[in-house]
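Report on the following structure.
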Ligand SMILES: [Mg+2]
Ligand SMILES: [Zn+2]
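Protein chains in written order, with my numbering: chain A, 1 to 486; chain B, 487 to 585; chain C, 586 to 1068.
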């Protein structure tokens, strides 16, 4: 038995029947991480001490039978934009290279309360800006299925770590596909919950109105387990919903027969890799076999999703990243600073990578006097149309099904010189974030040996249906069980 | 509507976000920005007359906190991350003018 | 012919609200009582990565109260916005404020201008924002204290409706009084809880054009407001008179030198890039809620003035003085309630000796040792002629300084007034024989000498002689000497 390959559900069973201890599980996973990760580079920081301490505490809880949750003793990793008290949190940026937060993100507190074990922090595109993890200021993360390829982004480290069994689950963050796109590239399951379902408190903001923390797991069952733990209202985040969090796993086995899947026709146009298209078609046939109805739907404004997404991202990010000014925390370049402005200029010039610079400058442009109406405001109006698209489409079907990316994982360096080309790889995943709706990504096949991902998109706050439909698929297929050849 | 973002504009927005920028960088960004902005201009095709801008996507309103003061974080913790501090203050170089 | 100029003045008033906690976090807002710098802070108000704001309910209530008191309409749909700029006192790199949809707009305030004529100043908007940190400028560096960062702040913006410095002062004074009436701001300008910003331009008298204006920031007292505005008006007139152009700019006020100084070298980065604050859902204030806030409105200075004029038969100026502070008005009414003397008499005691003491000693009304009841007793003793008004002044000062019961002080000091004609008669006879020259003058027809002689009587009797009785006896005694 290879402990690191266990699902959360399997590990929980073994832990509570005392067949293994959390310390054993954690040690095994840490050992694998130290062994394998030098090839993958999914971790920015591995927290052996914290992990072993928390594992011991989890074992005590289990021994006493007190307060044991499905995540007690389970090792996890978090994207490095999620604040962890006393543990370096870098956003994979030079500007935060040595930043050690004074407080925990709400999700980290919730997982600690549940008894989960923090193994470390995952590499990402700097501040979440990227689709390949190549914008990390520290190093590239490699796709476990082909080390010459990217894991996707921006939660590339979290996807790769999960894929390579370097943790039992990870927390990604999805601003415009950042959980789903790398999940597809790395053959893992991941969800972008409804905006406002999971607290953003302590998540270092990229786009306040898009950002969603979401788990990345081996399968849908585990995904539901983790989401249930981290979701819910937070008095520190005014944008979280007050509605209760369902017990997702209780209804997971409900039949999907008679439900309707909508296929947005705009997502099936030229440019899609043949192997991706055939995998998606195969998945649709699987659902037909399960008794689901398939219906073509339209999301007529799909082509505008990308400019809307990027314009709003640039604008909000330019403001969200203003606090990195070298005066209270993080990098500070004060040599020869005659004036405080010099600290700002120098620190931000040295501390931010090119992609971040591009985006915050374009954000300032889109918001500045004379351009606001043409760019920011226009994008917010078209955003309303995107939301209406989803509302209309989802009024006649239960969920939508679409690929997560037109291609499988591309080669490192392939798109780094053309920012616009890189932006286009997010074409299928960005629209859900301006709309706020939830979307579940899951493995659905392989194309030339590389994983293909699909996503199920649901109604507001209806993660339950996504899990139910996703779980039904994973009962019929075993793509999600395939592990990279490491 | 196609507009070129010249290096002066790049320098202007760089200053708005307090980003030091070299002449070479301004050149490089200028070319990239023009093609990105050009791409964004496709939004002009969309008829948004009578379409309200999206604001809050959760439809939450009136999320309010009772006016109760709670203990703060310790100054020592706060200053732990500060590049420079003095007598319990954050220290910065000379500040000229307003805003 | 030389042109005359007319100033055009608008005011922006920044007023901190009096809440327990800050605008967006639970840190104490009582920063002036913080033990040390950077002790009332948390991830939210120091702008740490990942921290998020949550609105303070009380601040919304107080802001609504202010809007209503300034006759504004309260906007049922309210949003927050980010004002983006870099400054070391602004931890997030943006200030959370309100832009397109503020809490209140389109109100007015009636004040008196320099000629005591009524002037209606339009209040354009009232919006909620957060205060900045405090910067201490040292020689080669600056120090930042975040205790004040995030304290709720109102910005009250007037239209440029004022044409004289006096009118601007009158408007500012009245806003302060209203805020104090509402209990939302202490008005303590030394602590910086109330700050003014004046927008000033001048134009040829009679013209209606709006010329280039300057903005004088951070005026922290009425005196600074008055002096800076007067200086700036003068400066602009001189610029025009020498055929120059006024530059639209932000100015500071150099109190020591008494001049306005240009503050921003470069204007290039003055683009705040406002956009809706995505971290805060909007406010949807319903009518019922707004009405419930309206029910909390106290009687405001104008209404109180009107009532005082009517109810207590005071002159307009007298009523305005008494209602300038709610605590003073309440004190006055407290004395009226406990006393049998006419309200007019009580007004003259309060406006006279009592306020003189407060001004001279600097003691605040809240700290005065004299209860309204004791004050009423003292005034009643004058009214029923138990003591003379001169004696009462002595007793009043004693009570103000060290407290005590008026009756006991009168007894102890032996100040009770005497109507015993024998005692007074005796004193008069002595005075008349000691001052034969004055008696001569009276007999020669100089009637005014009676007043001087009365003064002698008062002195000889140590103020205890009932003045009416004394005067009667004095005149009688003088007349008797005609024969
Ligand atoms: Mg303001
Ligand atoms: Zn705070």
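Ideal Cβ positions, reconstructed from N, Cα and C, are used throughout, including at glycine.
Handout entry: Beta-carbon gap between residue 325/A and residue 344/A smaller than 9 Å
Key = yes
Problem - Any heavy atom of ligand 1 within less than 6 Å of residue CB: hits in chain order - result: 682/C, 714/C, 740/C
Exercise for the section: Measure the alpha-carbon distance for residue 913/C versus residue 979/C and round it to whole angstroms. Expected result: 22 Å
Practice task
Anything in chain B within Cβ reach of residue 487/A, meaning under 7 Å, just list it in chain order.
Solution key: In this structure chain A extends from 1 to 486, so residue 487/A is not present and cannot be described.
Problem - residue 972/C and residue 930/C closer than 9 Å at C-beta - result: Between residue 972/C and residue 930/C, the gap from beta carbon to beta carbon reaches 9 Å or more.
Practice task
Quick one: grab the DSSP three-state call for residue 949/C.
Solution key: coil
Practice task
Could you tell me the distance, in whole angstroms, from the CA atom of residue 897/C to the CA atom of residue 924/C?
Solution key: 13 Å
Practice task
Please determine if the segment 466-478 of chain A and the segment 426-433 of chain A are in contact, where contact requires at least 3 C-beta pairs separated by less than 8 Å.
Solution key: no
Exercise for the section: Just confirm the distance between the C-beta atoms of residue 840/C and residue 809/C, as a whole number of angstroms; I'd bet it's less than 8 Å. Expected result: 6 Å
Practice task
Take residue 718/C and list the residues in its own chain whose beta-carbon comes closer than 7 Å to its own, dropping the five residues that flank it on each side.
Solution key: 674, 676, 729, 730, 731, 733, 734
Exercise for the section: Would you please verify whether the beta carbon of residue 853/C is less than 9 Å from any beta carbon of chain B? Expected result: Residue placement at residue 853/C is poorly supported in this model, since its pLDDT is 48, which falls under 50; the coordinates still yield a value, given next. Chain B, which has a Cβ nearer than 9 Å to the Cβ of residue 853/C, makes this yes.
Exercise for the section: Given a cut-off of 9 Å, decide if residue 143/A and residue 161/A are closer than it, judged by their beta-carbon atoms. Expected result: no
Problem - CB contact below 9 Å: residue 127/A versus chain B - result: No, its Cβ sits nowhere closer than 9 Å to a Cβ of chain B.
Practice task
Compare the C-alpha of residue 862/C against each of 26/A, 239/A, 153/A and name the closest.
Solution key: 239/A
Handout entry: With 16 other Cβ atoms within 10 Å as the buried cut-off, status of residue 194/A
Key = buried
Problem - Contact belief for residue 107/A with residue 171/A at Cβ below 8 Å, rounded distance in angstroms - result: 6 Å
Exercise for the section: Could you tell me whether the Cβ of residue 504/B comes closer than 9 Å to any Cβ of chain A? Expected result: yes
Handout entry: Those runs of the beta strand (DSSP E) which lie wholly inside the segment 24-62 of chain A and span at least 3 residues
Key = Restricted to the segment 24-62 of chain A, the beta strand (DSSP E) segments that are unbroken, complete and at least 3 residues in length are 43-46, listed in chain order.
Problem - Proximal residues of chain C, C-beta to C-beta of residue 579/B below 7 Å - result: Under the 7 Å cutoff, chain C gives 726.
Exercise for the section: Report, in whole angstroms, the separation of the C-beta atoms of residue 503/B and residue 360/A, which I expect to be a contact under 8 Å. Expected result: 5 Å
Exercise for the section: Quickly, what does DSSP pair residue 172/A with across the bridge? List them, please. Expected result: 214/A
Handout entry: beta-carbon residue 677/C near ligand 2 non-hydrogen atom, thresh 8 Å
Key = no
Practice task
Pull up the distance between the alpha-carbon of residue 900/C and that of residue 683/C, whole angstroms please.
Solution key: 42 Å
Practice task
Between the Cα of residue 962/C and those of 941/C, 911/C, 920/C, spot the shortest distance and give me the residue it belongs to.
Solution key: 920/C
Exercise for the section: Note down, one range per segment and in chain order, each alpha helix (DSSP H) of at least 4 residues found wholly within the segment 887-917 of chain C. Expected result: Counting only runs of 4 or more, we get 901-908.
Practice task
Measure from the C-beta of residue 891/C to each C-beta in chain A and report whether the shortest distance is under 9 Å.
Solution key: Under the 9 Å criterion on CB atoms, residue 891/C is classed as non-interfacial with respect to chain A.
Problem - Within 9 Å, strictly: CB atoms of residue 722/C and residue 739/C - result: no
Practice task
Spell out a yes or no on whether the segment 50-67 of chain A and the segment 21-29 of chain A are touching, meaning 3 or more CB-CB pairs, one atom from each, closer than 8 Å.
Solution key: yes
Exercise for the section: Consult DSSP for residue 853/C and reduce its assignment to one of helix, strand or coil. Expected result: In this predicted model, residue 853/C has a pLDDT of only 48, less than 50, meaning its place in the structure is not dependable enough to derive any value.
Practice task
Indicate, with yes or no, if ligand 2 has a heavy atom lying under 8 Å from the CB of residue 625/C.
Solution key: yes
Practice task
Measure the alpha-carbon distance for residue 934/C versus residue 876/C and round it to whole angstroms.
Solution key: 40 Å
Handout entry: Separation of residue 982/C from residue 992/C, as counted between CA atoms
Key = 14 Å
Exercise for the section: With hydrogens ignored, establish whether the beta-carbon of residue 607/C is closer than 8 Å to any heavy atom of ligand 4. Expected result: With respect to ligand 4, the structure shown offers nothing to examine, as its ligands consist of ligand 1 and ligand 2.
Exercise for the section: Taking only heavy atoms of ligand 2 into account, decide whether any of them is closer than 8 Å to the Cβ of residue 202/A. Expected result: no
Exercise for the section: Report yes or no: is there a C-beta of chain B within less than 9 Å of the C-beta of residue 932/C? Expected result: no
Handout entry: C-beta atoms of residue 40/A and residue 166/A nearer than 9 Å
Key = yes
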